[in-house]
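> Note that the protein sequences, when read in sequence, are chains A and B.
Going left to right, the first sequence walks through residues 43 to 404 as the numbering used here numbers them.
Going left to right, the second sequence walks through residues 634 to 910 as the numbering used here numbers them.
Each residue gets a CB set at the ideal place from its N, CA and C atoms; glycine is no exception.
These figures come from a predicted structure and were not determined experimentally.
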Amino acid sequence: MRALEVNALGFTWRSLFCHICRLESLGPVVATRMKGRNYVSSSVEDIREERLEIRVSRPPADRVYRAVARSAGAVTLVVMGLIFLFLLLRSWPALRDARWSFLTESKWNPDAHQFGIFALMILTFEIAIVALTIAVPVSIATALYITEYAPRAVRRPLTSLVDLLAAVPSIVFGLWGRAYLEPRMVNLSKWLARHLGFIPIFKVTTNTFAGSTFIAGVVVSLMVIPICTAVIREVFSQAPPGEKEGALALGGTRWGMIRAVVLPFGRGGIIGGSMLGLGRALGETIAVALIISPITDKTIHIIQGGGNSIAALIANRFFESSPFAQRALMAAGLALFVVTLLVNAGASAIVSRSRSGAATEI
Amino acid sequence: MTTITGNWDDGAQVIDLTRSPASMRAHNVSAWFGNHKVLERVSLDISAHQVTALIGPSGCGKSTFLRILNRMHELVPSASLAGTVLLDGEDIYRGPKPVTDIRRQIGMVFQKPNPFPAMSIADNVLSGLRLSGTRLHGRSAHAVVQQSLERAGLWNEVRRRLSEPGGALSGGQQQRLCIARALAVEPRVLLMDEPCSALDPTSTGVIEETMAHIAHDVTIVIVTHNMQQAQRVSQQCAFFLATHDTPGYIVESGPTEQMFSEPEDPRTRDYVHGRFG
Ligand SMILES: Nc1ncnc2c1ncn2[C@@H]1O[C@H](COP(=O)(O)OP(=O)(O)OP(=O)(O)O)[C@@H](O)[C@H]1O
Ligand SMILES: [Mg+2]
Chain A
43 MRALEVNALG
53 FTWRSLFCHI
63 CRLESLGPVV
73 ATRMKGRNYV
83 SSSVEDIREE
93 RLEIRVSRPP
103 ADRVYRAVAR
113 SAGAVTLVVM
123 GLIFLFLLLR
133 SWPALRDARW
143 SFLTESKWNP
153 DAHQFGIFAL
163 MILTFEIAIV
173 ALTIAVPVSI
183 ATALYITEYA
193 PRAVRRPLTS
203 LVDLLAAVPS
213 IVFGLWGRAY
223 LEPRMVNLSK
233 WLARHLGFIP
243 IFKVTTNTFA
253 GSTFIAGVVV
263 SLMVIPICTA
273 VIREVFSQAP
283 PGEKEGALAL
293 GGTRWGMIRA
303 VVLPFGRGGI
313 IGGSMLGLGR
323 ALGETIAVAL
333 IISPITDKTI
343 HIIQGGGNSI
353 AALIANRFFE
363 SSPFAQRALM
373 AAGLALFVVT
383 LLVNAGASAI
393 VSRSRSGAAT
403 EI
Chain B
634 MTTITGNWDD
644 GAQVIDLTRS
654 PASMRAHNVS
664 AWFGNHKVLE
674 RVSLDISAHQ
684 VTALIGPSGC
694 GKSTFLRILN
704 RMHELVPSAS
714 LAGTVLLDGE
724 DIYRGPKPVT
734 DIRRQIGMVF
744 QKPNPFPAMS
754 IADNVLSGLR
764 LSGTRLHGRS
774 AHAVVQQSLE
784 RAGLWNEVRR
794 RLSEPGGALS
804 GGQQQRLCIA
814 RALAVEPRVL
824 LMDEPCSALD
834 PTSTGVIEET
844 MAHIAHDVTI
854 VIVTHNMQQA
864 QRVSQQCAFF
874 LATHDTPGYI
884 VESGPTEQMF
894 SEPEDPRTRD
904 YVHGRFG
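1) Kindly list the residues whose CB is nearer than 6 Å to the CB of S263 of chain A, restricted to its own chain and excluding five residues on each side of it in sequence; keep chain order.
2) Roughly how many angstroms lie between the CA atoms of T835 of chain B and R784 of chain B, to the nearest whole one?
3) In chain order, what residues of the same chain have a beta carbon less than 8 Å from the beta carbon of R865 of chain B, not counting five sequence neighbours either side?
4) Is there at least one Cβ from chain A nearer than 8 Å to S830 of chain B's Cβ?
5) Using 8 Å as the limit for Cβ to Cβ distance, is R652 of chain B near chain A?
6) Check the Cβ of A751 of chain B against every Cβ in chain A and list those closer than 7 Å, keeping chain order.
7) Does the beta-carbon of F215 of chain A have 16 or more other beta-carbons within 10 angstroms, so that it is buried, or is it exposed?
8) To test your reading of the DSSP string, which unbroken alpha helix (DSSP H) runs of 4 or more residues are found completely within the stretch 261 to 301 of chain A?
9) Where are the alpha helix (DSSP H) runs, 4 residues long or more, that stay fully inside the stretch 682 to 736 of chain B, in chain order?
10) Regarding V856 of chain B and ligand 2, is the C-beta to nearest heavy atom distance less than 7 Å?
11) Does the beta-carbon of R772 of chain B have 16 or more other beta-carbons within 10 angstroms, so that it is buried, or is it exposed?
12) What separation, rounded to the nearest whole angstrom, lies between the Cα atoms of N350 of chain A and T166 of chain A?
13) Who are the neighbours of T20 of chain A on chain B, taking C-beta pairs under 8 Å?
14) Is K695 of chain B a contact residue of ligand 2, with contact defined as CB to any heavy atom under 7 Å?
15) So what's V10 of chain A in DSSP terms, helix, strand or just coil?
16) In whole angstroms, what separates the C-alpha of Y222 of chain A from that of I352 of chain A?
17) For T852 of chain B, which three-state DSSP category applies?
18) Note down, in chain order, every chain B residue with its Cβ under 9 Å from the Cβ of L124 of chain A.
19) Among residues of its own chain, excluding the 5 on either side of G325 of chain A, which ones have a beta-carbon nearer than 6 Å to its beta-carbon?
20) By how many angstroms is the C-alpha of M372 of chain A removed from the C-alpha of F160 of chain A?
21) The stretch 269 to 296 of chain A: which residues have C-beta closer than 7 Å to a C-beta of chain B, in chain order?
22) Buried or exposed for L9 of chain A, going by 16 or more other Cβ atoms inside 10 Å?
23) Counting only Cβ pairs nearer than 9 Å, list the residues of chain B close to A161 of chain A.
24) Could you tell me whether any non-hydrogen atom of ligand 1 is closer than 7 Å to the CB of F666 of chain B?
25) Within 8 Å (strictly less), CB to CB, does L823 of chain B reach chain A?
26) Quick check on the DSSP output: the beta strand (DSSP E) that includes E885 of chain B runs from which residue to which?
27) Is I812 of chain B closer than 8 Å to V742 of chain B when the C-beta atoms are compared?
28) Quick one: Cα of H846 of chain B to Cα of V905 of chain B, how far?
29) Going along chain B, which residues have a C-beta under 7 Å from A192 of chain A?
30) Report whether the distance from the Cβ of E287 of chain A to the nearest heavy atom of ligand 2 is below 7 Å.
31) Can you tell me whether W134 of chain A is helix, strand or coil according to DSSP?
32) Got a sec? Which residues, its chain only, sit under 6 Å from I725 of chain B by beta carbon, not counting five neighbours each side?
33) Considering only heavy atoms of ligand 1, does any lie closer than 7 Å to the CB of S691 of chain B?
34) Return helix, strand or coil for I182 of chain A, following the three-state DSSP convention.
35) Please confirm whether G667 of chain B has its beta-carbon closer than 8 Å to some beta-carbon of chain A.
36) So, at 6 Å on beta carbons, what are the nonlocal neighbours of R194 of chain A in its own chain, with the 5 sequence-adjacent residues on each side left out?
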């Protein structure tokens, strides 16, 4: 479900990007005009030259396809705009009540008219960062294995297997994380706290380890890995074969070739894929809601029990809240929506830029 | 294995003199892509210190043969081969040397220039050494860069812009950068697959000069479709041919002069005089 949303979003941004690219097709026309002007100034007879109007007539099939693609893109944009408007309208009373303190306040107590997104946003990012810290290296390694090391016969099955992971509903990850992973992770958490406790983020001030940001992040990382891997693999697989052969012909090992060619080439894909994963991790709801022991104060002790995310807060609180508190939750949702959108837009821009870079012959 | 000896401080002695040009010998080499046989029992002697040109119509297996000579053929997933390839008498496929070592001794320049576009020019030249685990710094690195670029005939054009990316050069310069990069690891044989096919006559001339210049230090095998070029640069020549249903084979090989003036086979005569097909 979520993966689909992300894809839909990606599609929108990509089609937007395409529209922008299409503007480039004006380039030649502009150039022709410039030339025309030069001729005018240098020609002896002062006759106005007729400038060439370049018109591209598209075959009907092309036009139909364009219309369909455009309207699909437009629908997505309109839907997103409507969602944004809806959230804004619904949360307006709460936002007007809190004003700018909504961005800076750390407490979440709407009924006492003291609430803000600050601590929750930090907690949300903490889970996401834990998830990415695990997911990005794993994704890079998986993508490298699939594109460079795996025998041809297992490439396809492996790719589908990773994609399949994206199709597992998050509630399943949540249940599994809660029932299976958490009891086992607690020991690791204890170990980390004992041996790395001198580092602030691994310090603990309570004695509970269940329901921590750390454990929630680990579960979320499993949901982020397929997205990251798909994007990174796609970009890696476009690394120019000529350069790869060049590196090998110099006597490079496969790893040397990867470091000289594939990784520099795929940097944009790694960043973009990670940011797409970040968008996914920020919005992950049900798995976090199932695992986390909710708190609303900010903390950097990720190992000990207690954490939160905006999405999980909304899911946990919504139906037992007063009407005004519901509006405050809407405002929180709006903040999450905007942040996720920005992250996704940034990711898409980076990914498409790195792809278009790949398309130009280097 | 790449031991670079000498006194770095005066920058004079960079070439390891123990690495002399090597001879190669291919014996009964056949090659397949999947079930498609593209080379049929090709045998060829490649003498050290000389330039050997491989000529023949498109699709007759010249590139395949060249890639077999430095074990690049096996990178194509469906590819297989039979026969023996010797480097100074040592079997490069059955010998104990790792493949990276073989490729370091037998460098390759490709048809399409393929410098690492994001790396600086200097780093491009040093990339072969880095890839084989030799990290040079400071003066020693600079000496290798200068010497390699000089040998490739590129030094004067890029001496002031060594830190610019390799992708910022023109096609001809990129190709010479690739030659410099290949020469920096001190190969004993240099394989060139149509190195000038994408270049203008001037760049081609410069690269041909470069080849004449480096032929003392490294054995060169070049694939070319340009008969004049083959005549200009090579001392030995081999004519490959394939027909619709027979894989490529060598019709005739020998001294270039003889191949062009009095070939034994009528097909060779037709081909070198442009009357083919
Ligand atoms: N990667 C590949 N997979 C399958 N068949 C291939 C592959 N590369 C080359 N071939 C086939 O092998 C034969 C020889 O190709 P090769 O590239 O060696 O020819 P060539 O003599 O270098 O031609 P050209 O002068 O056009 O470069 C051709 O029939 C070609 O179709
Ligand atoms: Mg070829």
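This is what the structure gives:
1) Looking up residue 263 of chain A in the first sequence gives position 221. Closer than 6 Å at the Cβ level, and outside the excluded window around S263 of chain A, lie A173, I176 and A177.
2) By 1-based counting over the second sequence, the position of residue 835 of chain B is 202. By 1-based counting over the second sequence, the position of residue 784 of chain B is 151. Distance between the alpha carbons of T835 of chain B and R784 of chain B: 17 Å.
3) As a first step, residue 865 of chain B must be located in the second sequence, where it is residue number 232. Closer than 8 Å at the Cβ level, and outside the excluded window around R865 of chain B, lie E841.
4) Locating residue 830 of chain B in the second sequence gives position 197, counting from the first residue. For S830 of chain B, the answer is no, since every Cβ of chain A falls outside 8 Å of its Cβ.
5) Translated into the one-based positions of the second sequence, residue 652 of chain B becomes position 19. Interface residue (Cβ-Cβ distance to chain A less than 8 Å): R652 of chain B is not classified as such.
6) Locating residue 751 of chain B in the second sequence gives position 118, where the first residue counts as 1. Ordered by position in chain A, the residues that pass the 7 Å Cβ test against A751 of chain B are P306.
7) For the purposes of this step, residue 215 of chain A is taken as residue 173 along the first sequence, with counting starting at 1. With 16 or more other Cβ atoms within 10 Å, it is buried.
8) 283 to 291 and 296 to 299
9) DSSP runs (the alpha helix (DSSP H)) wholly in the stretch 682 to 736 of chain B: 695 to 702.
10) Position 223 of the second sequence, counted from the start, is the residue given in the question as residue 856 of chain B. V856 of chain B Cβ: within cutoff of ligand 2.
11) Counting from one through the second sequence, the residue named residue 772 of chain B turns up at place 139. When all chains shown are included, R772 of chain B counts as exposed.
12) Here residue 350 of chain A refers to the residue found at position 308 when the first sequence is read from its first residue. Here residue 166 of chain A refers to the residue found at position 124 when the first sequence is read from its first residue. If I take the Cα positions, the gap works out to 6 Å.
13) Since the first and last residues shown for chain A are 43 and 404, residue 20 of chain A lies out of range.
14) Sequence index remark: in the second sequence, residue 695 of chain B carries index 62 (1-based). Within the cutoff, so yes.
15) Here chain A has residues from 43 to 404 only, and residue 10 of chain A is not among them.
16) By one-based count along the first sequence, residue 222 of chain A stands at place 180. By one-based count along the first sequence, residue 352 of chain A stands at place 310. Going by the C-alpha atoms only, they are around 25 Å apart.
17) By 1-based counting over the second sequence, the position of residue 852 of chain B is 219. It is a strand residue.
18) As a position in the first sequence, residue 124 of chain A is number 82, starting the count at 1. Ordered by position in chain B, no residue passes the 9 Å Cβ test against L124 of chain A, which lies about 43 Å from the chain.
19) Working through the first sequence from its first residue, we reach residue 325 of chain A at position 283. A353 and T382, listed in sequence order.
20) Translated into positions along the first sequence, residue 160 of chain A becomes position 118. Translated into positions along the first sequence, residue 372 of chain A becomes position 330. Looking at the two C-alpha atoms, the distance is approximately 15 Å.
21) G284, E285, E287, G288, A289, L290, A291, L292, G293, G294 and T295
22) Because chain A here runs from 43 to 404, residue 9 of chain A falls outside it and cannot be looked at.
23) Position 119 of the first sequence, counted from the first residue, corresponds to residue 161 of chain A. Under the 9 Å cutoff, chain B gives no residues; its nearest Cβ is about 42 Å from A161 of chain A.
24) If you number the second sequence from 1, residue 666 of chain B lands on position 33. For ligand 1, at least one heavy atom lies less than 7 Å from the Cβ of F666 of chain B.
25) Taking the first residue of the second sequence as position 1, residue 823 of chain B is located at position 190. Output row for L823 of chain B: interface = no.
26) Counting from 1 along the second sequence, the entry for residue 885 of chain B is found at position 252. Taken as a continuous stretch (DSSP letters only), the beta strand (DSSP E) holding E885 of chain B covers Y882 to P888.
27) Translated into positions along the second sequence, residue 742 of chain B becomes position 109. Translated into positions along the second sequence, residue 812 of chain B becomes position 179. It is a contact, given that the beta carbons lie within the stated cut-off.
28) Here the question's residue 846 of chain B lines up with position 213 in the second sequence. Here the question's residue 905 of chain B lines up with position 272 in the second sequence. Rounded to the nearest angstrom, the two C-alpha atoms are 25 Å apart.
29) Here residue 192 of chain A refers to the residue found at position 150 of the first sequence. Here the premise fails: no neighbours, minimum Cβ distance about 12 Å.
30) Counting from one through the first sequence, the residue named residue 287 of chain A turns up at place 245. Answer for E287 of chain A: no, Cβ out of range of ligand 2.
31) Translated into positions along the first sequence, residue 134 of chain A becomes position 92. Three-state DSSP puts W134 of chain A in a helix.
32) The count along the second sequence starts at 1 and reaches residue 725 of chain B at position 92. Closer than 6 Å at Cβ, skipping near neighbours: V718 and I735.
33) Here residue 691 of chain B is taken as the residue at index 58 of the second sequence, counted from 1. Yes, the beta carbon of S691 of chain B sits closer than 7 Å to at least one heavy atom of ligand 1.
34) Sequence index remark: in the first sequence, residue 182 of chain A carries index 140 (1-based). Secondary structure at I182 of chain A: helix, using DSSP grouped into helix, strand and coil.
35) Translated into positions along the second sequence, residue 667 of chain B becomes position 34. Taking Cβ atoms only, chain A never reaches closer than 8 Å to G667 of chain B, which makes this a no.
36) As a position in the first sequence, residue 194 of chain A is number 152, starting the count at 1. Result list for R194 of chain A: empty, nothing under 6 Å.
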